[in-house]
Amino acid sequence: MKIFMEIGKINLGEQKEKTPIRFWRRRWFLGAILGLIFISLSVLIPSLFLIGKAKVVYQQTLKLNEAAKSKNLKLTEEQIGVTKKALGELKDSLKPFFWVKFIPFIGGYEADAEHLVRAGEMGLEAGEIVIKAVEPYADIIGFTGKEKEGGGEKTAEDRIAFVVSSIDKIAPEIEKVGQKLLGVSRELSQIDPSRYPERFKGKKIREPLRETIVLMNEAATIISEAQPLFEVSPWLLGIEGPRRYLVIFQNDGELRPTGGFITAYAILEINKGKPKPILSEDIYALDGRFKSTTKAPEALLKYVPLPYKQDPYWRLRDMNLSPDFKVSMEFFSSNFRKASNSQYDGIIAIDTEVLTRFLKVLGPIGVPEWGNFSAEPDKRCDGCPQVVYELERLISKPTHEIRTARKAVIGPLMHSILANVLGSPKEKMPALFEAIFSSLLEKHILFYFPEERTQKAIDSLNLGGRIREYEGDFFHLNDTSFSGAKTNFFIRQTVEQKIEVGGNGRIVKTVTIEYKNPSPPSNCNLEAGQLCLNAPYRNWFRIYVPKGAKLLESSGSEAEVKTYEDLDKTVFEGFFGDKYPLRPQGSAKLVFKYELPIVLKGEYKLLIQKQPGTDEPLYSVILGGQKEEFGLKTDKEIKLKSKWLPIKPKG
2 MKIFMEIGKI NLGEQKEKTP IRFWRRRWFL GAILGLIFIS LSVLIPSLFL
52 IGKAKVVYQQ TLKLNEAAKS KNLKLTEEQI GVTKKALGEL KDSLKPFFWV
102 KFIPFIGGYE ADAEHLVRAG EMGLEAGEIV IKAVEPYADI IGFTGKEKEG
152 GGEKTAEDRI AFVVSSIDKI APEIEKVGQK LLGVSRELSQ IDPSRYPERF
202 KGKKIREPLR ETIVLMNEAA TIISEAQPLF EVSPWLLGIE GPRRYLVIFQ
252 NDGELRPTGG FITAYAILEI NKGKPKPILS EDIYALDGRF KSTTKAPEAL
302 LKYVPLPYKQ DPYWRLRDMN LSPDFKVSME FFSSNFRKAS NSQYDGIIAI
352 DTEVLTRFLK VLGPIGVPEW GNFSAEPDKR CDGCPQVVYE LERLISKPTH
402 EIRTARKAVI GPLMHSILAN VLGSPKEKMP ALFEAIFSSL LEKHILFYFP
452 EERTQKAIDS LNLGGRIREY EGDFFHLNDT SFSGAKTNFF IRQTVEQKIE
502 VGGNGRIVKT VTIEYKNPSP PSNCNLEAGQ LCLNAPYRNW FRIYVPKGAK
552 LLESSGSEAE VKTYEDLDKT VFEGFFGDKY PLRPQGSAKL VFKYELPIVL
602 KGEYKLLIQK QPGTDEPLYS VILGGQKEEF GLKTDKEIKL KSKWLPIKPK
652 G
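To convert, take the position in the sequence shown, counting from 1, and add 1; that gives the numbering used here.
Pasting the structure below:
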């Protein structure tokens, strides 16, 4: 019995000793479970809430995008308000996760979310400013949904007068928008797209993010660069006093370096935004009074024997030989003033595409003593606009009698177009605005101003036809027709650029340029008295590439290819058309292979500059397995991810 009692004491003692240990173990275990549950709930619930808010913002952004596309200002303004509210709720739902940014690796994603939200807030604020700024001009740019101040105007002239009277109010608002967009750009620039997967659940992630960052950077740059132009607008529009402009007409059917052969000119006065033609004249009449003392450049002496073989001095009509419009116009203007007493504040160049686009909006118009003109396709020139054919018929068709100042038709035609524009119902303003805007963007209208501040404002928006500076690869093809006919109306051009990168980053490019003329030939027999539009094409061409590029090989040029420097670029110059002209329903090809003076490090960048006066040549850029194809309507920057590709040895 005693033994059992002792055993019992021992067991009871051991149990009393072990009970506290087990008890605390159980409490620790239970506490851990409760802690995990608490942490999970404190993270999971806000996470689910955050995801829900993010989805709402995404869906609302899509609605805002659709509203903006509809060009309805009221609806867009409403959707901006709803999107701001949704974004604010998303911002609040991010607050519980502030501590995540301090965790390595995943902290960057939380920081990116904050940058995106702040960028979104400033972007929406910029949108609100834009809506308030454009409300008075909504009908001009094709927007609806808002009652406009001064909305009782009946004609385009009335609306233009209203815009001119309030133009000084736009510049401060543009500056505000620019500041907001710069803020957006700063926030987005802190996001690294490479942290994100290419795709997630079948949807592209990385590339759209990268494109958004680039797009916002470009938008901020454009808005900030537009500011100087708005500042000089009162001067340009004659608000501070009448302005006079020399308007030169460049015939893009006979392509020249700045857009076309100079055929005629006019003096246009702008007073408080209202245009008034002063005079117009055939360029040949002016050349007849011009006593040139400057010998023509080699290209004219060599490829334009008539008249330069008999008289080697430079004509006004051929003084746009530099592909940089400012450089050409500085020389042209200094000589123009020797032959004319006309005073002007700047030069505006237009081509036939501008006339055609206006006539598409206005419809057929009549010009006293010259006939009717329209943009309708004309079967006599294989579908070219009727206005183009009629102008060529009046200007170029051989006649049995002597007719003076035939190219003076340009002046009366421009006068009639301006009169019709000013008298148009205001409902046509959006289409007229689009015709002007697209012509500016696509280099069918160019500007030159001797006054430095104004010229800088023009150059800031790339409206001056300049050859631009660029860090990276560069390409500009400049064709010059020395045919006399208007063959460029019929030529279709394609340009392929194939980039090969060596293991040391060395870049070799092969550029293939094809010219095709699918249309039938014109009857160019003088005795037939018909219109000679489509004839064999003689082309003096120059290819502008980065300074220091080395030509490796070439084909297609009849003349020996020259390499030299111009406009801070390296130039490859050649010619075809005497031995092997590009004939109607025929083709021609040029191939140039050259080494770039730059070494590829990371991203490949290329700026392609369009030649003024050209339509939309088809371009393709190939780097490894990547290929971009596009019609070159305006200057275009290409960015491609680099891959090390071996350059194939010769043979």
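Each residue gets a CB set at the ideal place from its N, CA and C atoms; glycine is no exception.
- Ranked by Cα distance from V592, the options I81, L302 and Q498 are led by Q498.
- In chain order, C533 and A536 place their CB closer than 6 Å to the CB of C525, counting only its own chain and leaving out the 5 sequence neighbours on each side.
- With respect to the 7 Å criterion, A68 and L95 are not classified as neighbours on the basis of their beta carbons.
- The three-state reading of DSSP puts H477 in strand, counting E and B together.
- Here the C-alpha atom of P613 lies approximately 41 Å from the C-alpha atom of R196.
- Distance from the CA atom of N489 to the CA atom of E111, rounded to whole angstroms, is 56 Å.
- With respect to the 7 Å criterion, L553 and T564 are not classified as neighbours on the basis of their beta carbons.
- Within the same chain, F483 and W541 come within 6 Å of Y304 by CB-CB distance, once the 5 residues on both sides are set aside.
- Leaving aside the five residues that flank E241 on each side, the residues in its chain whose CB is nearer than 7 Å to its CB run, in chain order, P235.
- Taken through DSSP and simplified to helix, strand or coil, E241 comes out as coil.
- In its chain, beyond the 5 residues on either side, R196 have a beta carbon closer than 7 Å to the beta carbon of G109.
- Looking at L363, E501 and G384, the one whose alpha-carbon comes closest to that of A420 is L363.
- Counting other Cβ atoms within 10 Å of its Cβ, Q61 reaches 16 or more and is therefore classed as buried.
- The beta carbon of S417 sits closer than 6 Å to those of I366 and V368, all from its chain and outside the five residues before and after it, given in chain order.
- Take the alpha-carbon of N218 and the one of Q180: they are about 12 Å apart.
- With contacts defined by Cβ atoms closer than 7 Å, E559 and F573 do not form a contacting pair.
- With contacts defined as CB atoms closer than 7 Å, D288 and R318 qualify as a contacting pair.
- Rounded to the nearest angstrom, the gap between the Cα atoms of D636 and I348 is 22 Å.
- Straight through space, the alpha carbons of I104 and A432 are spaced by roughly 55 Å.
- Each of S167, V83 and I161 was checked against the Cα of G128, and the nearest Cα belongs to V83.
- The beta carbon of A436 lies closer than 6 Å to those of R358, F359 and V362 in the same chain, with the five residues before and after it left out.
- A straight-line Cα-Cα distance of about 43 Å links R543 and D169.
- When the five nearest sequence neighbours on each side are left out, the beta carbons in the same chain lying within less than 6 Å of the beta carbon of Y390 are those of D379, R381 and C382, in order along the chain.
- The region 594-601 and the region 613-625 do not touch, with fewer than three beta-carbon pairs separated by less than 8 Å.
- Per DSSP, the continuous beta strand (DSSP E) segment holding T264 begins and ends at F262 to N272.
- With contacts defined as CB atoms closer than 7 Å, M415 and A157 fail to qualify as a contacting pair.
- Counting only the Cα atoms, F144 lies some 6 Å from L74.
- In the DSSP assignment, R187 falls outside any beta strand (DSSP E) and within the unbroken alpha helix (DSSP H) covering I171 to L189.
- P598 and K548 have their alpha carbons spaced roughly 7 Å apart.
- Ranked by how close their Cα comes to the Cα of G587, the residues T571, K611, K517 and S335 have K517 in first place.
- With respect to the C-alpha of E377, the residue from V388, L183 and Y581 having the closest C-alpha is V388.
- T495: not part of any alpha helix (DSSP H); member of the beta strand (DSSP E) spanning R493 to V502, first to last residue.
- Cβ neighbours of F231 within its own chain (closer than 8 Å, five residues either side excluded): I168, I171, A172 and I175.
- For the options K85, I263, R467 and F475, the alpha carbon positioned closest to that of Y59 is the one of K85.
- Closest option to F333, judged by alpha-carbon separation, among G557, F291, D312 and L307: F291.
- Looking at the backbone, the Cα of K133 and that of P426 are separated by about 24 Å.
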